[in-house]
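What follows is a single structure, written as structure tokens, with notes after it.
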Amino acid sequence: MKKILFFTMMAGMLMTVSCRNDEKEEEVTSVIGNWKVQKMTAKGTFTSGGFPIPVPNTSSESACVRDSKLDLNADKTGFVLLKQDITGPCEEIGNDNFTYAYDPDTKTITAKYNGSIEEFTVSHLTNNEMTLKQVTAISTPQGIFNGEITLNMKK
Numbered sequence: 001m002k003k004i005l006f007f008t009m010m011a012g013m014l015m016t017v018s019c020r021n022d023e024k025e026e027e028v029t030s031v032i033g034n035w036k037v038q039k040m041t042a043k044g045t046f047t048s049g050g051f052p053i054p055v056p057n058t059s060s061e062s063a064c065v066r067d068s069k070l071d072l073n074a075d076k077t078g079f080v081l082l083k084q085d086i087t088g089p090c091e092e093i094g095n096d097n098f099t100y101a102y103d104p105d106t107k108t109i110t111a112k113y114n115g116s117i118e119e120f121t122v123s124h125l126t127n128n129e130m131t132l133k134q135v136t137a138i139s140t141p142q143g144i145f146n147g148e149i150t151l152n153m154k155k
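Numbering (the UniProt record's numbering), first residue to last: 1 to 155.
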């Protein structure tokens, strides 16, 4: 009798475990929206006057950076206004209209503007937050930055 009770209990436990879904379903979110930059982080090398200077994870949450925005519309058009003060005084480094495609499988946004194509990796996405990363080269009046830019944004 004890063996039957034991096996019945074990079978019940196995059924409970096998029927339970411990995997949380990933919330379906969209990149579409009006995004305001909260923080910009740069990591790479800044070259000025022919001299490379390492930029080790430098970030800014200044008013300059917070003036930046990214609008991604449902019709696959967008607008970006990007300002930075990581490499010196506040300066506008992007102010463009563009078209884009988003691939949720690779988590990549491909933007096309003025004959150029740029790719951004979406490393974090919720209904109200998005983090974009891009390996890039940016020319500024002070020099050229080569490395990775990360933008933390909120709707």
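Positions of the beta carbon are idealized from the N, C-alpha and C atoms, including for glycine.
Give me the Cβ distance between residue 167 and V55, rounded to the nearest whole Å; I'm assuming they're in contact under 8 Å.
-> Absent from the structure is residue 167, since the part of the chain shown begins at 1 and ends at 155.
Examine the Cβ distances between the segment 114–134 and the segment 73–84 and report whether three or more of them are shorter than 8 Å.
-> no
Excluding five sequence neighbours on each side, which residues of the same chain lie with their C-beta closer than 6 Å to the C-beta of D85?
-> As a working mapping, residue 85 is identified with position 85 in the sequence shown. The answer, listed in chain order, is S60, S62 and C64.
Among I144, T58 and S68, which has the Cα closest to the Cα of E92?
-> Within the sequence shown, numbered from 1, the residue matching residue 92 stands at position 92. The residue with the shortest Cα to Cα distance from E92 is S68.
Within 10 angstroms of the Cβ of V135, are there 16 or more other Cβ atoms? Answer buried if so, exposed if not.
-> Numbered from its first residue, the sequence shown carries residue 135 at position 135. V135 is exposed by the Cβ-count criterion.
So, M40 versus I138, is the Cβ gap smaller than 9 Å?
-> Here residue 40 corresponds to residue number 40 of the sequence shown, with the count starting at 1. Here residue 138 corresponds to residue number 138 of the sequence shown, with the count starting at 1. In this structure, I138 does not lie closer than 9 Å to M40 by Cβ.
Runs of alpha helix (DSSP H) lying entirely within the segment 24–94, each at least 4 residues, in chain order | 63–66
May I ask you to list the residues that DSSP assigns as paired with G147?
-> Position 147 of the sequence shown, counted from the first residue, corresponds to residue 147. The partner list for G147 (beta bridge, DSSP) reads G44 and T136.
Provide the residue span of the beta strand (DSSP E) that contains T108, from first to last.
-> Residue numbering aside, residue 108 sits at position 108 when the sequence shown is read from its first letter. First-last of the beta strand (DSSP E) with T108: T108 to Y113.
Bounding residues of the beta strand (DSSP E) (the contiguous stretch that carries T121) | Position 121 of the sequence shown, counting from 1, holds the residue named residue 121. Counting along the chain, the beta strand (DSSP E) containing T121 begins and ends at S116 to L125.
Just mark residue 197 as buried or exposed, buried being the case when its beta carbon has 16 or more other beta carbons within 10 Å.
-> In the structure displayed, the chain extends from 1 to 155; residue 197 sits before or after that span and is not available.
Have a look at C36 and T29 and give me their C-alpha separation to the nearest angstrom.
-> Your numbering for residue 36 matches position 36 in the sequence shown. Your numbering for residue 29 matches position 29 in the sequence shown. Cys is not the amino acid found at residue 36; the sequence shown has Lys there. If you take the alpha carbons of K36 and T29, they lie about 17 Å apart.
Would you identify the three-state DSSP class for K154, choosing helix, strand or coil?
-> Taking the sequence shown and counting its residues from 1, the one referred to as residue 154 is at position 154. K154 falls in the strand class under three-state DSSP.
Under the rule that 16 or more other beta-carbon atoms within 10 Å means buried, what is Q42, buried or exposed?
-> Counted from its first residue, the sequence shown places residue 42 at position 42. The amino acid at residue 42 is misidentified as Gln; the sequence shows Ala. It is buried - the Cβ of A42 has at least 16 other Cβ atoms within 10 Å.
Give every residue of the same chain whose Cβ lies closer than 6 Å to the Cβ of P141, excluding the five residues on either side of it in the sequence, and list them in chain order.
-> Locating residue 141 in the sequence shown gives position 141, counting from the first residue. Within the same chain, P141 has no close Cβ partners at all.
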